[in-house]
Amino acid sequence: MKISVIVPSKGCYYLRYLMFGLRSQSVKPNEVILVIKDCDLKSVESLCNTSNIPCTIIEQREGYFTHALNIGKREAGGDIIIFTDDDAIPSKKWIERYIKLHKAYPNIAGISSRDIYIDLSGFKLLRTSDDRSEVRFYRWLIRPWLEPPHPVLRKYRLGVYLTKNLSLAHGPFIPSRTCYSLPFRGVNMSFKASYVLDVWFPEHKLLKRAPGNEQYFALQLVLKGFDLIYVPNNPVVHVVRDESLSRTKYRYELRKEFEVMRQLYKELLEKHDVRV
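For the working numbering, add 144 to where a residue sits in the sequence shown, where the first one is 1.
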């Protein structure tokens, strides 16, 4: 199996951490596609050379985050496509585990896992809301009644799903148990390339961060009759940035983008004659 790793990067400040993680893999990727914006090209080239990893470097001239993902996907030539961020640090067997998982689940189109936040200033791992006991209690006993899944995603109720009003929700198996699930986060997700040839991330003039873009990508697969799963045991460490855990600063912008994404979910469902 050939492996393509797609990485969008703006600024490239944290990219060295990811490249170190990829260089240390027990199974090396066949290609790493870096879609860079506002970066020093020579520094990125030097980083690739010193990491001894086959890199394709593409400078993004226009568009935002999801444009970068689509640019990378068009260039990918692997049998498995793995998406991650430039501030992720994968474990040594990250790629090897994805290969084994895709072989173990030959009919599953996409497999995702979790991220674990790290504060580099103190090299301390941080808990997120997904790890809190009260959150798990809510997801087991309350969410099924208040936020049931859209009918087309009923089997995804234990993982990441879209509710009837097309909001994103996490079920009780997130983040600790294997289940049917839309991708947990875009920083750690993989797909069999043959299943996603005509599947794309949403591009819209109002989408800069595009929250929920990975679920939009996966929803297209569900509507084609394919399944996706989440596994807890192939995490990446995710460097904490200003907006990693708190989006208060961008709340107004994100609210608008969530509304755009909700409309795009709706249009996608209607396109497939699914009742909304």
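Note that CB positions come from ideal geometry on N, CA and C, so glycine has one too.
Asked: Can we say the region 146-165 touches the region 215-229, given the rule of at least three CB pairs closer than 8 Å?; Found: yes
Asked: Does the pairing of the region 200-212 with the region 333-340 give three or more beta-carbon distances under 8 Å?; Found: no
Asked: Which residues in the same chain as His314 place their Cβ atom closer than 7 Å to its Cβ, once the five residues preceding and following it in sequence are excluded?; Found: Asp274, Arg283, Val304
Asked: Measuring alpha carbon to alpha carbon, tell me which residue in Gln364, Ser338, Pro355 is nearest Trp344.; Found: Gln364
Asked: Less than 7 Å between C-beta atoms, sequence neighbours within five positions excluded: which residues of the same chain meet that for Pro355?; Found: Leu398, Glu401, Phe402, Met405
Asked: What does the alpha-carbon distance come out to for the pair Leu372 and His382?; Found: 22 Å
Asked: Evaluate Lys181 with the Cβ neighbour count: other Cβ atoms within 10 Å of its Cβ, from every protein chain shown; 16 or more gives buried, anything less gives exposed.; Found: buried
Asked: Expressed to the nearest angstrom, what Euclidean distance is found between the alpha-carbon atoms of Gln240 and Thr200?; Found: Note on identity: in this sequence residue 240 is Glu, with Gln being the wrong assignment. Roughly 21 Å separates the two Cα atoms.
Asked: What are the boundary residues of the beta strand (DSSP E) that Tyr374 is part of?; Found: 371-374
Asked: By the DSSP assignment, the alpha helix (DSSP H) with Gly423 in it spans what residues?; Found: Any answer about residue 423 is impossible in this case: the structure gives the chain only from 145 up to 420.
Asked: Quick one: grab the DSSP three-state call for Glu175.; Found: strand
Asked: Decide if Arg419 is buried, meaning its Cβ has at least 16 other Cβ atoms within 10 Å, or exposed.; Found: exposed
Asked: Just how far apart, CA to CA, sit Ala362 and Gly254?; Found: 8 Å
Asked: Let me know if Gln407 comes out buried or exposed under the rule of 16 or more other beta-carbons within 10 Å of its beta-carbon.; Found: exposed
Asked: Give the secondary structure of Pro234 by DSSP, where H, G and I count as helix, E and B as strand, and everything else as coil.; Found: strand
Asked: The alpha helix (DSSP H) with Val188 in it runs from where to where?; Found: 185-195
Asked: Suppose contacts are defined by Cβ-Cβ distances below 8 Å. Is Ala232 in contact with Leu159 by that definition?; Found: no
Asked: Thinking just about the alpha-carbon of each residue, which of Leu166, Arg298, Gly266 is nearest to the one in Pro234?; Found: Leu166
Asked: How big is the Cα-Cα spacing for Leu264 and Glu414?; Found: 44 Å
Asked: Closer than 7 Å: is that where the CB of Leu310 sits relative to any heavy atom of the ligand PLP?; Found: The model depicted lacks the ligand PLP and carries no ligand whatsoever.
Asked: For Ser388, name the three-state secondary structure that DSSP assigns.; Found: Any reading at Ser388 needs caution, since the residue's pLDDT is 49, under 50, leaving its predicted position unreliable; the model's value is listed next. Coil.
Asked: I'd like the span of the alpha helix (DSSP H) that includes Val212, first residue to last.; Found: The amino acid at residue 212 is misidentified as Val; the sequence shows Ala. Ala212 -> alpha helix (DSSP H) spans 209-219.
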